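A.B. asks:
Okay, structure coming up:
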C-alpha cells in the first residue's frame, strides 16, 4: 500500500496513537488502513463415499488436485460461500453440512474453512479455474498430487472418520 | 475506495474480466482491489463457573457489556488473537479452549468467532477500550445491557451447556 484509497495522498507506515502495531496511516485525511486475514471457504463434496476433487487451472498449484474452495465474499455467510465456490469451480450443487476443518495459516494471513458437503447429484464439469473434476474413492485419490496440506490432511481425516462412522471437527494451525 | 492504493490513480467500480462481481479496479496499473469479510476473535473467559465481561469504552455499544473480542490481525492464529484481545481489553491471561461459537454476520461482512477460555487467575483490570471488568455468575450477568446479539446468545448457551455438563459448537447466521 503506497497511497490512501480514500483521498489519494501518500500513506505513512507507523504505529497510530493508542495502537500497538504499525499500520498504513494517511497523514492528510487520517484514515488508518487496517489489513486483516482473509477467509477461504470450501467443502468436501461427498457422494456415496466418493469425494469430488478439482484439478487446478490456476496458480498456486496449477495441475494439482484440491477441494473446491476460494475467498469468502463480503455480505456472504461462510457456508453459502462454500456452496458458491463448489458451483463455480466444479459446476456442482452441494448441500453444505457442518464445519469440518478450521486451519489457521498465519504465514499467509488466511483462515481456511472446510465444511462437509453432500452432492445433490453427480452432475459436474470443470469451471473456469478448473482443468478437470472427478469423484474419487479413498483408494483412487491422487494422493501425490494434492495442491495444499490443508486439503490433504482434511481428506485423510475425512476418510478415517467415514470408516469410523463418526465425524469430528478439526482445528489446527500450520 | 476512491484511489488505487498501489499507484494512486482514481479507481473504477466494475466487474473485472472473468469475474462475477463488481470490484474496485485500477485503470492504470490494473490492480483489482478485493474486499473481504473481517474476522472478530474473542473468548468466554471462565473461572469457577463465572464469566469475565467487559464494559465497553468505545462505540459501538459504549457502556454495554461484552466478551473480550476484536479484529484478528494478519500473521495471527484465531485462538492467539482471542487471547491477545482478552489481555488488551481486560488485562487478563486466559488459556484458550475449543471454538464454541461461529457467527456469520453477512450484513456487516464479519465472521465472529468465540472460543472457550479458562482464566489463569482472577487478576484483571480495564484496558484502554474498557470502562470496567467483572466476573459474573449467570444470575448476575447484566442481561439487559449486553452489547451484541452474538454475545448474549453465546452466554445463554454457555450457561445452559455448563449446567448440562457438555459443551457444543454453535454455528449460526444473523
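Protein chains in written order, with our numbering: chain X, 1 to 174; chain Z, 1001 to 1174.
Here a beta-carbon is modelled for each residue, glycine too, at the ideal position from N, C-alpha and C.
The model shown is predicted, which means the values in this text are computed figures rather than measured ones.
(1) Between residue 1103 of chain Z and chain X, is the shortest Cβ-Cβ distance under 7 Å, so that the two count as touching?
(2) Look at the alpha carbon of residue 39 of chain X and the alpha carbon of residue 113 of chain X, and state the distance between them as a whole number of angstroms.
(3) Could you check whether the Cβ of residue 1163 of chain Z sits closer than 7 Å to any Cβ belonging to chain X?
(4) Would you say residue 95 of chain X faces chain Z, with C-beta separation under 7 Å as the test?
(5) With a Cβ-Cβ cutoff of 7 Å, do residue 1003 of chain Z and residue 8 of chain X count as a contact?
(6) Could you run through the stretch 4-30 of chain X and flag, in chain order, every residue whose CB is less than 9 Å away from some CB of chain A?
(7) Where residue 104 of chain X and residue 54 of chain X are concerned, what is the direct C-alpha to C-alpha distance, given to the nearest angstrom?
(8) Does the distance from the CB of residue 96 of chain X to the CB of residue 121 of chain X come in under 7 Å?
(9) Would you list, in chain order, the members of the stretch 30-46 of chain X that have their beta-carbon closer than 9 Å to a beta-carbon of chain Z?
(10) To be precise: take each residue of the stretch 135-160 of chain X, compare its Cβ to all Cβ atoms of chain Z, and keep it if any distance is under 7 Å. Which residues remain?
(11) Since residue 1043 of chain Z and residue 1094 of chain Z should fall inside the 8 Å C-beta cutoff, what is the C-beta to C-beta distance between them, to a whole number of angstroms?
(12) Identify the contact partners of residue 166 of chain X in chain Z, using a Cβ-Cβ distance below 7 Å as the criterion.
(13) On the three-state DSSP scale, how would you describe residue 1081 of chain Z?
(14) In chain X, which residues lie less than 7 Å from residue 1131 of chain Z when you measure between Cβ atoms?
(15) Specify the secondary structure class of residue 47 of chain X as computed by DSSP and reduced to three states.
(16) What's the gap between the Cα of residue 1148 of chain Z and the Cα of residue 142 of chain X?
(17) Taking 7 Å as the threshold (C-beta atoms), are residue 1027 of chain Z and residue 981 of chain Z in contact?
(18) For a minimum of 3 consecutive residues, which ranges assigned as the beta strand (DSSP E) are wholly contained in the stretch 1065-1133 of chain Z?
(19) Please report the straight-line C-alpha distance between residue 10 of chain X and residue 1006 of chain Z, rounded to a whole angstrom.
(20) If I'm right that residue 1123 of chain Z touches residue 1089 of chain Z with Cβ under 8 Å, what's the distance once you round it to whole angstroms?
(21) Might you give, ordered along the chain, the residues of its own chain that have their beta carbon closer than 6 Å to the beta carbon of residue 64 of chain X, omitting 5 neighbours on each side?
(22) Taking Cβ-Cβ distances below 9 Å as the criterion, which residues of the stretch 1063-1077 of chain Z are in contact with chain X?
(23) Below 6 Å CB to CB, which residues in the same chain sit around residue 82 of chain X once its five sequence neighbours on both sides are set aside?
(24) Whole angstroms is fine: what's the gap from residue 1155 of chain Z's alpha carbon to residue 98 of chain X's?
C.D. replies: Reading it off the structure:
(1) Position 103 of the second chain, counting from 1, holds the residue named residue 1103 of chain Z. Judged by the 7 Å Cβ criterion, residue 1103 of chain Z is not in contact with chain X.
(2) Mapped onto the first chain, residue 39 of chain X falls at position 39. Mapped onto the first chain, residue 113 of chain X falls at position 113. Distance between the alpha carbons of residue 39 of chain X and residue 113 of chain X is about 7 Å.
(3) Position 163 of the second chain, counting from 1, holds the residue named residue 1163 of chain Z. No, residue 1163 of chain Z lies away from the interface with chain X (no Cβ there is under 7 Å from its Cβ).
(4) The residue given as residue 95 of chain X occupies position 95 in the first chain. No, residue 95 of chain X lies away from the interface with chain Z (no Cβ there is under 7 Å from its Cβ).
(5) Residue numbering aside, residue 1003 of chain Z sits at position 3 when the second chain is read from its first letter. Residue numbering aside, residue 8 of chain X sits at position 8 when the first chain is read from its first letter. Cβ atoms of residue 1003 of chain Z and residue 8 of chain X: closer than 7 Å.
(6) Absence of chain A from the displayed structure is noted, the protein chains being X and Z.
(7) Mapped onto the first chain, residue 104 of chain X falls at position 104. Mapped onto the first chain, residue 54 of chain X falls at position 54. If I take the Cα positions, the gap works out to 22 Å.
(8) Translated into positions along the first chain, residue 96 of chain X becomes position 96. Translated into positions along the first chain, residue 121 of chain X becomes position 121. Going by C-beta atoms, residue 96 of chain X is not nearer than 7 Å to residue 121 of chain X.
(9) 33, 34, 35, 36, 37, 38 and 39
(10) none
(11) One-based indexing of the second chain puts residue 1043 of chain Z at position 43. One-based indexing of the second chain puts residue 1094 of chain Z at position 94. Right, the Cβ-Cβ distance comes to about 6 Å (below 8 Å), so this counts as a contact.
(12) On the first chain, residue 166 of chain X is found 166 positions in, with the first residue counted as 1. Per Cβ cutoff of 7 Å: no residues; residue 166 of chain X is ~15 Å from chain Z at best.
(13) Counting from 1 along the second chain, the entry for residue 1081 of chain Z is found at position 81. Correct three-state label for residue 1081 of chain Z: helix.
(14) Here residue 1131 of chain Z refers to the residue found at position 131 of the second chain. Those do not exist, as residue 1131 of chain Z stays about 16 Å from chain X at its closest Cβ, beyond 7 Å.
(15) By one-based count along the first chain, residue 47 of chain X stands at place 47. Residue 47 of chain X: strand per DSSP, three-state reduction.
(16) As a first step, residue 1148 of chain Z is located in the second chain; it is residue number 148 there, counting from the start. As a first step, residue 142 of chain X is located in the first chain; it is residue number 142 there, counting from the start. Spanning the two alpha carbons is a distance of roughly 46 Å.
(17) As shown, chain Z starts at 1001 and ends at 1174. That puts residue 981 of chain Z outside it, with no answer to give.
(18) 1069-1071, 1094-1105 and 1110-1119
(19) Sequence index remark: in the first chain, residue 10 of chain X carries index 10 (1-based). Sequence index remark: in the second chain, residue 1006 of chain Z carries index 6 (1-based). Using only the alpha carbons, I get a separation of about 10 Å.
(20) As a position in the second chain, residue 1123 of chain Z is number 123, starting the count at 1. As a position in the second chain, residue 1089 of chain Z is number 89, starting the count at 1. With 8 Å as the limit, residue 1123 of chain Z and residue 1089 of chain Z do not qualify as a contact, their Cβ atoms being about 14 Å apart.
(21) Here residue 64 of chain X corresponds to residue number 64 of the first chain, with the count starting at 1. Closer than 6 Å at the Cβ level, and outside the excluded window around residue 64 of chain X, lie 56, 145 and 147.
(22) 1071, 1072, 1073, 1074, 1075, 1076 and 1077
(23) On the first chain, position 82 is the one that residue 82 of chain X refers to. Excluding sequence neighbours, residue 82 of chain X sits near 41, 42, 43, 96 and 115.
(24) If you number the second chain from 1, residue 1155 of chain Z lands on position 155. If you number the first chain from 1, residue 98 of chain X lands on position 98. Cα to Cα, residue 1155 of chain Z sits roughly 22 Å from residue 98 of chain X.
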